[in-house]
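Just add 647 to the spot in the sequence shown (first one is 1) and you have my numbering. Positions of the beta carbon are idealized from the N, C-alpha and C atoms, including for glycine.
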Amino acid sequence: MPNLVAHIGFGLDCIGLEEDSLISNNIGSFLLGCCSPDVRIITKMSRDNTHFVPISNKIIGTGTHNLLKENPKLLNKESLNSVTKSFLAGYILHLVADETWIIDMYRPYFGNRNVFPNKIIGNIMDRAMQLDMDRETHLQHENFSGYTHELAIDFDDIEIDFISNESFKEFTDTIKRVFSNAFDWSRLIFMIRRQYPDKDSGMAESLANDFIKNLPDSLEDLYHQVPKKEIKAYRANIISSWQSLIKEYLL
């Protein structure tokens, strides 16, 4: 699934759309929402408890429906304050982006043994593509690190029950580091080590190192197998699905 940098980038792409009324006055809570399904990085909760859907899900939007089913007070949009609405708009965007990646990108390409016969290589290419979205985010948003100050928000204003203020505070520090870090392809090694901590670790790390050493040719080869038009379609599908859910639940 996309990294936090890309999720923030997706959020920044939404600024200025017709749903901007949910975002413009509370950019900080919106961007926090764009990242918060990954709060499990610090809470160690199950992914299903923050994304509200299993990896096996086949329908985009299921996570949002489950989120609101499990937190029914959030269905009363007239009672939600603007900060909470902005946060939920970001949270929903993250859920949609992850679900769309699994359904439209991972299964047809990186998890498809007809495209990548070797599972380890498929997973490395999956991570490499995600990192290239991070790189594109830094290129598209030159003032990326300048949004850090927007995260100075009062967590009490976010009226949800499934993330504590203590977790918000700790996770916000993590997000600030994400904003301040420059893009670096070496992160691919970290990601692969985390995915393959034991079995196949040596092979996986060697293949990831080869990808980095052979840049930019290796990236060009990747886009021959997974055309850039698919990433463009992926990004468009995120926004389209998000807009439909926002109109249904928040506007």
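Collapsed DSSP secondary structure at Ala880 in the structure displayed: Helix at Ala880.
Residue of Ile805, Met648, Asn672 and Ala883 minimising C-alpha distance to Arg694: For Arg694, the closest C-alpha among the options Ile805, Met648, Asn672 and Ala883 is that of Met648.
Of the listed residues Ser848, Val700, Lys705 and Ser726, nearest to Glu717 (C-alpha basis): The residue with the shortest Cα to Cα distance from Glu717 is Val700.
8 Å Cβ shell around Ile768 - same chain, five flanking residues per side excluded: Leu854.
Closest residue to Tyr813 among Leu892, Arg687, Leu735 and Glu665 (Cα-Cα distance): Note that residue 813 is Glu in the sequence shown here, rather than Tyr. The shortest C-alpha separation from Glu813 is found at Arg687.
CB contact flag (Phe818, Ser683, <8 Å): Yes, they are a contact pair.
Residue from Leu835, Asp667 and Ile800 whose Cα sits closest to the Cα of Asp820: If we check each option's Cα against that of Asp820, Ile800 comes out closest.
Pairwise C-alpha distance: Asn861 and His712: The straight-line gap from Cα to Cα measures roughly 43 Å.
Where Arg754 falls: helix, strand or coil (DSSP): Residue state for Arg754 is assigned as helix, using DSSP reduced to three classes.
Three-state secondary structure (DSSP) of Tyr843: Tyr843: coil per DSSP, three-state reduction.
Tyr794 to Ser887 span [Cα, whole Å]: Roughly 25 Å separates the two Cα atoms.
Reference Gly680, options Phe815, Asn828, Ile859 and Leu786, closest by Cα: Distance from the Cα of Gly680 is smallest, within the candidate group Phe815, Asn828, Ile859 and Leu786, for Phe815.
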